[in-house]
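Position 27, counted from 1, in the sequence shown is what the numbering used here calls 28; the numbers after and before it change by one each time, with no gaps.
Okay, so here's the structure we're looking at.
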Amino acid sequence: MRLANILDEDLVIHRLEASNKHDAMTELLDKIINKYPQYDYDTILKCILEREEIQSTSYGRNIAFPHARTDAVDEMVAAVGVSPEGLDAKTPDGKPLHVVCLMLTPSNIAKLYLQTLSAFAAFARNPINIDMIIKTTSPGSVIDAIWESGVAVEKELTAKDIMHHNVFFVRPDESLRRVANLMFRHKLSALAVVDDDHNLLGEISDKEMIQAALPDFKSLISNLNYSLDIEPFEELLKREDKIKVKQLFATDHEVVTKETKIVEVAAMMLFKDLRRVFVVEGTRLTGILLRKDIVNMIIRG
């Protein structure tokens, strides 16, 4: 099913009056209530704002997906608003916010809601689509632009729907200092290790870094009274420019493809106690999927 088939011209605003994200959400909610007057405006707005407080729904790439799961609605409703001038809103990539997709769904159809949300994200990943929608001149032409994109609502959620496309990586000859700086700057627990052709070789995580400082950690565990002549972490800091990724990285990583079903990824993570899996095309790295993503994107919404 095409994403455009879900949309209703009555719930599309091709030129928002709002100047900021909050007002855009209420403007779209007004549209929904005008079409479905039986819905409780205050209850729905409260759910939307509570979700925003947990984490901003601004996706970057000029688009935001405010949404709420609430039994104040009895079917999934999607409203789209376009601001050619851009809205006052903080975005993760610093790009102006031009498109707001407000989605409401009852809890009993969470699957369709997640699939639709994923389809909107797929639409936004192509900058040409955003350019097209900004130039539209009517609600009908907004839907036409989404139709022409060819984006579909898939039957099953797969790795590509929630994976991170921008993966931080290092190469085997880079230093431990480089790894530590990237992890600290971006609040990461692991980095992919790739070759010059972006083929995935393995990963280097906080675990490997600690093991580099404590190579004889098993002896320490068996003899807690053991006294070190040299503070191990201080010694590691002295050598962090000389120690290379190729000396430390692990090759026992797990991979999936973009088409692997999320339920299969989740089962693998549980069975093998994984915090992350890498997404590949052949051997080339294309994404990463974290265990917390399944909680954040699917269970929490």
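Glycine included, C-beta positions come from ideal geometry on N, C-alpha and C.
For clarity, every value in this text was computed on a predicted model and none was experimentally measured.
Review point. So, helix, strand or coil for E86, using DSSP?
Key: strand
Point to revise | Option nearest G16 by Cα separation, candidates L50, T106 and P140 | key: In the sequence as displayed, the identity of residue 16 is Arg instead of Gly. Ranking the options by Cα distance to R16, first place goes to P140.
Point to revise | Whole-angstrom distance between K273 and F218, CA atom to CA atom | key: At F218, the pLDDT of 49 sits below 50, so the modelled position is not reliable; the number obtained from the coordinates is stated separately. When rounded, the distance between both Cα atoms is 23 Å.
Exercise for review: Sort out for me which residues DSSP pairs M104 with in a bridge.
Suggested key: H68 and A79
Exercise for review: Could you tell me which residues DSSP puts in a beta bridge with S59?
Suggested key: A65
Review point. Based on the DSSP output, what are the partners of S20 in its beta bridges?
Key: None, per the DSSP bridge assignment.
Review point. On the premise that M164 lies in contact with G288, defined as a C-beta separation below 8 Å, what is that separation, rounded to the nearest angstrom?
Key: 4 Å
Check your understanding: Alpha carbon to alpha carbon, what distance is there between V81 and L12?
Key -> 7 Å
**Study point:** Three-way DSSP call (helix, strand, coil) for M169 in this model
**Key:** First, the amino acid is wrong: residue 169 is Phe here, not Met. Coil.
Exercise for review: Over the uninterrupted alpha helix (DSSP H) stretch that includes E149, give me the two end residues.
Suggested key: P140 to S150
Exercise for review: Taking V154 and T106 to be in contact with their CB atoms under 8 Å, please state how far apart those CB atoms are, rounded to whole angstroms.
Suggested key: In fact, because the Cβ distance is near 13 Å, the residues do not count as touching under 8 Å.
Practice item. Specify, as a first and last residue, the run of the beta strand (DSSP E) that E204 falls within. Key: L201 to S206
Practice item. Taking 8 Å as the threshold, find out whether the region 189-207 comes into contact with the region 242-255 through three or more Cβ pairs. Key: yes
Review point. Applying the criterion that 16 or more other CB atoms from any shown protein chain within 10 Å of the CB defines a buried residue, is P67 buried or exposed?
Key: buried
Review point. Exposed or buried, V256, counting other C-beta atoms within 10 Å across all chains shown (16 or more means buried)?
Key: exposed
Exercise for review: Mind checking which residues open and close the beta strand (DSSP E) that includes I186?
Suggested key: Note that residue 186 corresponds to Arg in the displayed sequence, not to Ile. First-last for R186: L177 to H187, but that is the alpha helix (DSSP H), not the beta strand (DSSP E).
**Study point:** Residue range of the unbroken beta strand (DSSP E) whose run includes K282
**Key:** A quick correction: the sequence has Glu, not Lys, at residue 282. Looking at the DSSP string, the run of the beta strand (DSSP E) that includes E282 is R277 to E282.
Practice item. Report buried or exposed for I300, applying the criterion of at least 16 other Cβ atoms within 10 angstroms of its Cβ. Key: At I300 the pLDDT is 49, less than 50, meaning the model places this residue with poor confidence; the figure from the coordinates comes in the next sentence. Around the beta carbon of I300, a 10 Å sphere encloses fewer than 16 other beta carbons of the protein chains shown; the residue is thus reported as exposed.
Point to revise | Coarse secondary structure for T159, derived from DSSP in three states | key: strand
Practice item. Quick one: give me the first and last residue of the beta strand (DSSP E) that A193 is part of. Key: A191 to V195
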